[in-house]
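Residue numbers (my numbering): -14 to 110.
Think of the CB as a built atom: it goes at the ideal place given N, C-alpha and C, for glycine as much as any other residue.
The structure appears right after this line, and notes come after that.
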């Protein structure tokens, strides 16, 4: 599936302006702030996203640690590891993701920094 067709759960550190931008582009986004999930444990959000087949969009590396180091189940994670997490820069990066021809699948852990996009493939059993 392409980035534009992903179902997303936006972590509380994602600006409402970014959520609005994604929705304007046609993305199905649940915002933790709108759901009143402020301060919820990352494990709770990871589980919620997993059950709803959603990628978590976050600036927080803790989700990757839960998934990789602790082996928690996850549907997908998009970790925005940006030097400048200002809204304009985040939107610029997301526009790049929307334009890149990448096939994504459940189990992907995507790390986006200022220079590149890295995709960790799901573990095969």
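Between the segment 32 to 46 and the segment 54 to 61, do at least 3 Cβ pairs fall closer than 8 Å? Yes: at least three Cβ pairs fall under 8 Å.
Evaluate residue 93 with the Cβ neighbour count: other Cβ atoms within 10 Å of its Cβ, from every protein chain shown; 16 or more gives buried, anything less gives exposed. When all chains shown are included, residue 93 counts as buried.
Counting only the same chain and skipping the five closest in sequence on each side, list residues whose C-beta sits under 6 Å from that of residue -9. The residues are 40.
State the start and end residues of the unbroken alpha helix (DSSP H) segment that holds residue 56. Looking at the DSSP string, residue 56 is not in any alpha helix (DSSP H), and its letter there is neither H nor E.
With C-beta atoms as the reference, is residue 19 less than 9 Å away from residue 4? Their beta carbons are under 9 Å apart, which means residue 19 touches residue 4 by this criterion.
Going by other Cβ atoms of all chains shown within 10 Å of its Cβ, with 16 needed for buried, is residue 65 buried or exposed? Buried, since its Cβ has 16 or more Cβ neighbours within 10 Å.
Rounded separation between residue 52 and residue 71 - CA only: Their Cα atoms are separated by approximately 26 Å.
Using the three-state DSSP reduction, which class does residue 18 fall into: helix, strand or coil? Coil at residue 18, not helix or strand.
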